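In what follows, a structure is listed as structure tokens, so that the remarks can point back to it.
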Amino acid sequence: MRPPFGLADDLLEAGLSLLTFHFSPFTSHFSHPPLLIRRFQLQIFMADFDLIVLGGGPAGYTGAIRAAQLGLNTAIIDKREVLGGTCLNIGCIPSKALLVSSQYVHFAHHEAQHHGLKFEGVQVDLAKLMARKQTVVKQLTQGLEFLMKKNRITRIRGIGQLVAPGKVVVNQPDGSTEEHRGRNVILATGSVPMELPNVTIDRERVVTSDEALSFTEVPAELLVVGAGAIGLELGSVWSRLGSKVTVLEFLPRIAAFLDPDVTQALQKTLEAQGLKFHVETQVTSVALQDKKVLVQAKNKGEQSLEFQADKVLVAVGRKPYLEGAVAKDLGLKLTERGRVAVDQQFRTNLPGLYAIGDIIEGPMLAHKGEEDGIACTEFIAGKAGHVNYNVVPNIVYTHPEVACVGLTEEAAKKNGAQIKIGKFPFIANGRALANDEPAGFAKIIADTRTDKLLGSQIIGSNASELIAEIVSIMEFGGSAEDLGRTVHAHPTLSEAVKEAGLAVDNLAFSIPPNPRQ
Ligand SMILES: Cc1cc2nc3c(=O)[nH]c(=O)nc-3n(C[C@H](O)[C@H](O)[C@H](O)COP(=O)(O)OP(=O)(O)OC[C@H]3O[C@@H](n4cnc5c(N)ncnc54)[C@H](O)[C@@H]3O)c2cc1C
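Take the sequence shown: its position 496, counted from the start at 1, is 496 in my numbering, and no numbers get skipped.
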């Protein structure tokens, strides 16, 4: 389809940067350029939008909303029927819905008796459990469409491609194409599961998280390759629902971004729940057999191991997804790790093109993408955007949950930092005992000289909520003493975090003094 302004593309490209000068950033007012140029401008620079966002995941939709709040005429393009990207459709939200439902099953089978409750003949209606998950997804994705409307953001469905600076062609589901022009374009096309070179994903028996969120039967035996957040969460879900789950991990420990004391506690608890782990184990082949999948692996000592399973979940990380999003001849620059290279204002090497979320460097997390989206659109609007990447929390939503932020003890020591550690176990916290959730501890890492909080890891019930306090204190440059002197309501789990702050200086009052401090 020809654009309404109908000028040759090269003219448009040449004119783009020159002509922006004559416009106020977000409206179409000229600042009285000479007549000749004005004629060209009128024809050339009839951009449809101030901003086009390509990709409607957390990074894209949050960026679009902030852009609309800042008065930018904004469009958002996504190929899915509904917005929300990986996170809402096949990521954060459906996995948490399954985690909650399966935790109730676990409670009924294994924990209710502590409370004097007897459940007999507990049965899982998997179809209903999955339907509830989908209802949650639908509620949120529909809510997003509503938010787009209310913010007057134009929603365009289809596969978008940047074909020239400021020009996006969209292949729509009905086979037609449309062209849209934006003074600025943000690329937010997200990520997809990483695969292993020697493993074919058939999406039936050898699957990624996309399929493992929607099994129609509980696999009798599930083998999970990869003990990161996704592998551990989905492994937990299916274990609680009745699968025998074995997890293989290439690295020396599970959830290796955490300190060893935390991962040891996590592994012990998950093992008590029935999961089996093989660390320092590398998958060498996966073969479909009659009914089972045969997985061969070797461990650190080069010993061969063999596993059989009904399903194999490959959860070895995610990779940026850029398939066709930018025409090859434009020469979009990537980093060594294959992410889109951006400067501190999210600008790529192409004029008017920005990138945010999972496709750029940094943790592949929804909340990190959201902050990218907000800061990026603030820069586009001429404001001062900012993301503090030192305080992006990271959570594993197992039971108990594990949450971390900032430096680990291991990383701090490796950096040569002088640190002091405070630890407080939930077993010494009244609310944790009342809740029958005594497992885990809160750990605080502070600078010896300044007392400034450098990081924290919490393993325990509701760790995902508790870490927010540490994030706030770190954002304000606060200290362990700030944490320890802040009044916390009693009885709450958050008191364990406060006491971990006090424990940094051996001043916790609900545990005996540490003779080694
Ligand atoms: C099972 C699972 C659980 C997770 N749990 C968590 C969690 O608990 N917390 C957390 O923070 N993160 C979690 N994540 C990660 C999180 O989902 C991602 O970090 C987040 O979705 C990234 O956001 P994004 O906007 O960058 O990309 P995405 O959410 O991937 O969105 C990108 C969108 O762009 C669209 N798109 C791509 N190319 C085109 C194109 N050419 N044209 C049109 N549209 C296009 C895609 O359809 C997609 O909708 C989880 C991920 C998975 C898989």
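Glycine included, every Cβ here is placed at the ideal spot set by N, Cα and C. From a predicted model like this one, the values you see are computed outputs, not experimental measurements.
Where residue i falls, given that 16 or more other Cβ within 10 Å makes a residue buried
i, result
"R203", "exposed"
"K498", "buried"
"S209", "buried"
"E409", "buried"
"S494", "buried"
"R253", "buried"
"H110", "exposed"
"T200", "exposed"
"F424", "buried"
"A503", "buried"
"R339", "buried"
"Q267", "buried"
"P173", "exposed"
"R449", "exposed"
"L42", "The pLDDT assigned to L42 is 39, lower than 50, so where the model puts this residue is not dependable; a value taken from the coordinates is nonetheless given after this. Exposed, since its Cβ has fewer than 16 Cβ neighbours within 10 Å."
"Y389", "exposed"
"M194", "exposed"
"E437", "buried"
"R318", "buried"
"G477", "exposed"
"R183", "buried"
"P400", "buried"
"G122", "Here the sequence assigns Val to residue 122, which means Gly is not the residue at that position. Looking at its Cβ environment, which holds fewer than 16 other Cβ atoms inside 10 Å, V122 is exposed."
"L258", "buried"
"V342", "buried"
"A127", "exposed"
"E475", "exposed"
"R152", "exposed"
"Q345", "exposed"
"R337", "exposed"
"P165", "buried"
Distance between beta carbons of residue j and residue i, contact taken as under 8 Å
i, j, result
"V262", "V402", "6 Å"
"L54", "A325", "6 Å"
"D50", "T74", "7 Å"
"T398", "E145", "The pair is not a contact, with the Cβ atoms about 32 Å apart (cut-off 8 Å)."
"I374", "R66", "5 Å"
"G190", "Y354", "Actually they do not touch by this definition, with Cβ atoms about 15 Å apart."
"G228", "A315", "6 Å"
"A220", "S239", "Actually they do not touch by this definition, with Cβ atoms about 12 Å apart."
"V207", "V283", "Not confirmed; about 14 Å, so no contact."
"L305", "H278", "7 Å"
"L500", "I444", "The sequence shown places Ala at residue 500, not Leu. That pair is a contact at about 5 Å."
"L288", "Q308", "11 Å between Cβ atoms; not a contact."
"K241", "S95", "The residue you asked about is not Lys; residue 241 is Leu in the sequence shown. Actually they are not in contact, since the Cβ atoms of L241 and S95 sit about 13 Å apart, beyond 8 Å."
"V405", "V387", "Not a contact, Cβ separation roughly 14 Å."
"L466", "G484", "That pair is no contact at about 15 Å."
"L222", "K311", "5 Å"
Residue i and residue j closer than 8 Å at C-beta
i, j, result
"I356", "C376", "yes"
"L248", "A297", "yes"
"G369", "E378", "no"
"A446", "L453", "yes"
"G440", "A265", "yes"
"L407", "S236", "no"
"F119", "A131", "no"
"L88", "T141", "yes"
"A434", "P515", "no"
"A432", "G460", "yes"
"L350", "L334", "no"
"A412", "G455", "yes"
"V170", "I159", "yes"
"I186", "V136", "no"
"L83", "G63", "no"
"A59", "D372", "yes"
"A381", "V163", "no"
"P393", "V471", "yes"
"K300", "E323", "no"
**Q.** Contiguous alpha helix (DSSP H) assignments of at least 4 residues, all confined to the segment 235-286
**A.** 260-272
Q | Complete runs of the alpha helix (DSSP H) confined to the segment 98-186 [at least 4 residues] | A | 126-150
(Q) Could you tell me which whole alpha helix (DSSP H) segments of length 4 or greater appear in the segment 331-398? (A) 366-380
**Q.** Unbroken stretches of the alpha helix (DSSP H), 4 residues or longer, contained in the segment 392-466
**A.** 409-414, 430-434
Q: Starting from the N-terminal side, write out each stretch of the beta strand (DSSP E) that is 3 residues or longer and does not extend beyond the segment 186-217.
A: 191-193
Q: Starting from the N-terminal side, write out each stretch of the beta strand (DSSP E) that is 3 residues or longer and does not extend beyond the segment 290-326.
A: 293-299, 304-309, 311-314, 318-320
Q | Any alpha helix (DSSP H) of 4 or more consecutive residues that is wholly inside the segment 477-502 | A | 480-485
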